[in-house]
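Structure record follows, encoded as structure tokens.
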Amino acid sequence: MDRQVYYRNLKRRDTRKNNAKQVVAMVAEIRKHSPKMGGRKLYFLLKEELKMLKIGRDKFFNILRANHLLIISKRSYHKTTNSLHRFRKHTNLIKDYQVKAPNRLWVADITYLGNRENPAYLSLITDAYSKKIVGYDVSDSLASTSSLKALKSALKKEKIEGLIHHSDRGLQYCSDDYQKVLNQYNIRCSMTQESDPYENAIAERINGILKQEYDIDKFNVNLQCRKKLVADVIKIYNEKRPHFSNHFLTPKQDAYPTGISS
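Printed below as a string of structure tokens:
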């Protein structure tokens with residue numbers, strides 16, 4: 072082999088190695104705050120840097136694969152809904168509903184955190200348009216007070232008009248106290264009709280993101296520490312995690328496209 076060709080090939084190999092190291096370092100930096108962010112979102116966030124390194128999508132995924140950085144999603148399930156109660160169960164208003172602006176449809180759900188020895192429950196209110204978590208509360212009980220706190224925190228921060236609130240038929244959302252607040256703000260109440268999670272798919276998806284990408288249910292900590300952990304994760308999720316359905320905008324960017332937040 073010609074010496075010039077040999078050294079040129081050697082230089083290319085060294086360049087590829089150095090580029091791969093840079094990619095791994097950039098991915099590690101993002102995953103400091105989003106430990107389970109998937110490859111497609113990473114590629115979008117790093118697109119400009121990768122362009123400068125002349126690394127395309129396929130090459131990027133090859134680097135992730137070679138360095139064991141691809142994420143495999145896992146699902147878990149823990150029942151938090153009790154629909155066997157005396158309160159009124161509302162009809163589903165959103166079966167064919169297309170949300171076209173922020174704060175027209177909120178979806179609510181409760182997800183289980185912790186373990187049997189140290190249980191906790193996260194009540195979430197999510198804006199269906201932007202996927203922004205607008206209200207939340209962490210509690211060690213499934214009492215309706217926690218869901219009510221999440222709702223009130225959302226109402227305190229967000230401007231609403233013609234809002235629909237959608238949830239499962241759990242006791243927390245059907246309770247007199249919860250329904251009283253919805254009525255007070257002229258919010259229409261919508262509920263799933265079956266136990267099918269697809270009837271509240273956005274809420275279920277947000278639960279999965281917080282657990283699979285941010286591991287909020289993996290730490291065996293006391294309630295106060297868990298509240299701090301959840302607050303930190305939700306801030307990161309709202310402000311730094313892009314969504315495919317938002318055209319790769321973060322929830323906060325999609326909720327406030329002009330940059331003015333409430």
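Count along the sequence shown starting at 1, add 71, and that's the number in my numbering.
Just so you know, even glycine gets a beta-carbon here, dropped at the ideal spot from N, CA and C.
Residue from the options whose Cα sits closest to the Cα of residue i
i    : options                : result
Y269 : I165, I287, H139       : I165
I196 : L242, L184, E275, Q295 : E275
N163 : S217, N271, E188       : N271
I142 : G241, K125, P106, K122 : P106
E120 : Q93, A191, I258, D129  : Q93
G241 : D180, C296, K130       : D180
L230 : A199, F315, I280, N174 : The question names Leu, but residue 230 is Lys in the sequence shown. Looking at the Cα atoms, N174 is the closest of the given residues.
F319 : Y168, I101, R102, Y114 : Y114
Y183 : N317, I307, D303, K289 : K289
V292 : S238, C245, E188, S246 : E188
H139 : S246, V98, K122        : V98
Q295 : K88, K223, C245, D211  : D211
I307 : K88, H104, E100, Q250  : H104
K88  : Q250, A137, H161       : A137
N317 : Q250, Y285, K112, E284 : K112
Q250 : K122, H161, Y285, E284 : H161
I273 : K311, D198, E284       : D198
Residue i - DSSP class collapsed to helix/strand/coil
i    : result
L184 : strand
M108 : coil
T197 : strand
S210 : strand
F319 : coil
S217 : helix
S261 : strand
A172 : coil
S338 : Not covered by the structure: residue 338. The range shown for the chain is 72 to 333.
Y269 : helix
I235 : strand
Y285 : coil
Y256 : coil
V98  : helix
Y308 : helix
V178 : strand
I142 : coil
V292 : coil
I368 : What the structure shows of the chain is the stretch from 72 to 333, and residue 368 is not part of that stretch, so it cannot be assessed.
Own chain, CB closer than 6 Å to residue i, minus 5 neighbours either side, in chain order
i    : result
F16  : Coverage of the chain is limited to positions 72 through 333, which leaves residue 16 absent and any answer about it impossible.
I363 : Since the displayed the chain opens at 72 and closes at 333, residue 363 lies outside it and no answer follows.
I134 : A91, V94
Same chain, Cβ closer than 8 Å to residue i, five either side skipped, listed in chain order
i    : result
N309 : K203, I204, T321, P322, K323
Y200 : V170, K171, A172, P173, N174, R175, L176, D325, A326
A225 : W177, I196, V205, G206
Residue i and residue j closer than 9 Å at C-beta
i    : j    : result
V178 : I305 : no
Q243 : S218 : yes
R297 : A221 : no
L193 : L281 : yes
P313 : L116 : yes
Closer than 9 Å to chain D by CB, residue i
i    : result
D129 : No chain D appears in the structure shown, which is made up of a single protein chain.
With 16 other Cβ atoms within 10 Å as the buried cut-off, status of residue i
i    : result
T86  : exposed
Y256 : exposed
R83  : exposed
D208 : buried
S238 : buried
E232 : exposed
F315 : exposed
Q264 : exposed
N153 : Because the pLDDT at N153 is just 49, under 50, the model does not fix this residue reliably, and the value given afterwards should be weighed accordingly. Exposed, because fewer than 16 other Cβ atoms sit within 10 Å of the Cβ of N153.
D129 : exposed
E100 : exposed
D167 : exposed
Own chain residues within Cβ distance below 7 Å of residue i, not counting five before or after
i    : result
N90  : L124, I126
L253 : H236, C260
D248 : S215, L219
I287 : L184, L281, L300, V301, V304
Closer than 8 Å: residue i CB and nearest the ligand MG heavy atom
i    : result
K112 : Although the ligand MG was asked about, the structure shown includes no ligands whatsoever.
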